[in-house]
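First up is the structure itself, then whatever we jot down about it.
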Amino acid sequence: MQFLYRYFFITVAVVGLFSHTLYADIINLSAEQQQRLGIRTEQVAVSNQSTYLNLPARVVVPPDQTYIVSAAQAGIVRQVFVGEGDSVVHQQRLLAMSSPELLGLQQAFLEAHTQLKLAQNQQQRLQALWEEGVISERRWLELKSAVQLAQSVVSEKQSLLSLAGLSKKQINSLRIHHRLNQSLNVFAPGEGVIMQRLVVPGQRVEIMTPLFHLADLSSLWLEIPVPVQHIASVKNADHVEIQDSDVSARIILRSRKVDAENQTVLVRALIHQPPPDVRVDQLVNVVFVRATTTPQYQLPISAVVRQNGQTYVFVSIENGFEARRVKLANSGQAFALVKSGLSADEYIAVKGVAALKAVWQTIEESTGDNH
Numbered sequence: 008m009q010f011l012y013r014y015f016f017i018t019v020a021v022v023g024l025f026s027h028t029l030y031a032d033i034i035n036l037s038a039e040q041q042q043r044l045g046i047r048t049e050q051v052a053v054s055n056q057s058t059y060l061n062l063p064a065r066v067v068v069p070p071d072q073t074y075i076v077s078a079a080q081a082g083i084v085r086q087v088f089v090g091e092g093d094s095v096v097h098q099q100r101l102l103a104m105s106s107p108e109l110l111g112l113q114q115a116f117l118e119a120h121t122q123l124k125l126a127q128n129q130q131q132r133l134q135a136l137w138e139e140g141v142i143s144e145r146r147w148l149e150l151k152s153a154v155q156l157a158q159s160v161v162s163e164k165q166s167l168l169s170l171a172g173l174s175k176k177q178i179n180s181l182r183i184h185h186r187l188n189q190s191l192n193v194f195a196p197g198e199g200v201i202m203q204r205l206v207v208p209g210q211r212v213e214i215m216t217p218l219f220h221l222a223d224l225s226s227l228w229l230e231i232p233v234p235v236q237h238i239a240s241v242k243n244a245d246h247v248e249i250q251d252s253d254v255s256a257r258i259i260l261r262s263r264k265v266d267a268e269n270q271t272v273l274v275r276a277l278i279h280q281p282p283p284d285v286r287v288d289q290l291v292n293v294v295f296v297r298a299t300t301t302p303q304y305q306l307p308i309s310a311v312v313r314q315n316g317q318t319y320v321f322v323s324i325e326n327g328f329e330a331r332r333v334k335l336a337n338s339g340q341a342f343a344l345v346k347s348g349l350s351a352d353e354y355i356a357v358k359g360v361a362a363l364k365a366v367w368q369t370i371e372e373s374t375g376d377n378h
């Protein structure tokens with residue numbers, strides 16, 4: 008309340024000093040008075056783009072960038088190393104589990120490898136006899152066929168171990184040392200972010216049970232429902248921007264299908280390398296943008312005031328400011344885009360605007376100018 012009284016007296020004092028002003032839209036203020044009122048100016052920023060639609064949108068992950076990490080074997084989850092929202096890299100360990108079924112796969116691999124060694128040894132022993140003609144060609148071909156069959160069985164069992172999550176190094180160690188191990192690690196198939204953890208320690212899982220939902224967030228989509236009556240104005244060369252941010256997205260799809268319930272057409276835009284504050288499933292407001300030959304001017308929204316249904320900004324002039332009516336092309340929470348009423352070389356008030364408006368309104372009342 009004390010601030011409001013002080014603000015009121017400052018306003019009255021200023022108006023009293025400049026009651027000789029002839030035009031209500033002109034506010035005469037010295038540099039000292041501007042400083043006392045906390046007024047700061049900025050040059051208007053020129054934009055060669057125009058906006059034409061403001062619509063809500065949802066941030067989604069492209070389907071080819073999502074992965075479900077599943078259990079390669081049945082077992083018990085012993086430990087989980089990552090949680091929802093964690094970033095992971097390729098082959099990072101996500102989970103450890105115990106799998107009795109894995110013991111059976113390892114045993115089958117060792118048995119197949121033993122059979123292969125026996126077949127190879129028998130072939131080596133009888134090779135000299137075959138070369139001397141002691142054994143028949145048919146017998147020799149049977150020996151070769153037995154070795155090839157044993158090799159294919161070993162390859163099959165080794166592939167099953169790989170699918171179960173064992174590395175080549177682990178399989179070689181098993182072949183050499185014959186030590187069985189029921190511990191199994193689950194690794195990330197690629198770089199990304201854990202979107203959902205689907206299991207907890209102690210839980211029993213079956214083969215192909217989903218464990219994690221992983222997503223690559225290096226690019227994201229904006230899915231925008233555009234009313235069917237506006238879809239013709241959307242062009243492939245245009246782009247969209249998330250309001251009050253620097254995030255821009257390239258239009259990659261205008262659907263050929265109309266949603267029967269709400270009569271909208273899906274427009275999809277691609278964000279490459281989105282910043283961290285753009286999140287999956289986030290609802291945002293976007294504006295459609297296209298290049299234009301007619302310059303427009305971007306202002307802080309704090310510079311814009313409304314009076315009697317009209318939009319104004321305070322343009323810096325010699326010895327004060329002019330309250331100038333402008334037309335907006337678009338406005339958001341942080342910025343407004345002006346399509347007429349300004350020029351590129353002008354400066355506008357961006358701080359102390361409320362004080363200027365109070366002075367301006369008092370001058371209007373004293374002159375009887377209601378615009």
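Per this note's numbering, the sequence shown starts with residue 8, numbered consecutively. For every residue, glycine included, the Cβ atom is placed at its ideal position computed from N, Cα and C.
Burial state of residue i (16 or more Cβ within 10 Å)
i: LYS164; result: buried
i: GLU248; result: buried
i: ASP32; result: buried
i: PHE295; result: buried
i: PHE219; result: buried
i: HIS184; result: exposed
i: GLN303; result: buried
i: HIS246; result: buried
i: ILE258; result: buried
i: ILE75; result: exposed
i: LEU36; result: buried
i: LEU227; result: buried
i: SER143; result: exposed
DSSP-derived helix/strand/coil call for residue i
i: PRO70; result: helix
i: PHE328; result: strand
i: ILE183; result: helix
i: LYS6; result: Beyond the ends of the chain as shown, which are 8 and 378, falls residue 6; an answer cannot be given.
i: GLU163; result: helix
i: GLN56; result: strand
i: HIS97; result: coil
i: GLY111; result: helix
i: THR28; result: For THR28, the pLDDT reaches just 43, beneath the cut-off of 50, and the residue's location in the model is therefore unreliable, leaving the point undetermined.
i: VAL254; result: coil
i: VAL141; result: coil
i: GLU248; result: strand
i: ILE214; result: coil
i: VAL154; result: helix
i: VAL89; result: coil
i: ILE75; result: strand
i: GLN41; result: helix
Integer-rounded CB distance, given that residue j should sit under 8 angstroms from residue i
i: ILE355; j: VAL320; result: 5 angstroms
i: LEU229; j: ALA195; result: Not quite, the Cβ-Cβ distance comes to about 27 angstroms (not below 8 angstroms), so this is no contact.
i: GLY199; j: ALA222; result: 5 angstroms
Beta-carbon proximity check, residue i vs residue j, cutoff 9 angstroms
i: ALA343; j: LEU306; result: yes
i: GLY209; j: ILE308; result: no
i: VAL363; j: PHE328; result: Note that residue 363 is Leu in the sequence shown, not Val. Their beta carbons are under 9 angstroms apart, which means LEU363 touches PHE328 by this criterion.
i: TRP147; j: LEU170; result: no
i: ALA119; j: VAL87; result: no
i: ALA157; j: GLN131; result: no
i: ARG204; j: GLU49; result: no
i: ARG261; j: VAL272; result: yes
* Any chance the segment 97 to 104 sits against the segment 185 to 194, with 3 or more Cβ pairs inside 8 angstroms? -> yes
* To do: Decide yes or no for the touch test of the segment 231 to 241 against the segment 57 to 65: beta carbon pairs closer than 8 angstroms, at least 3 of them.
  => yes
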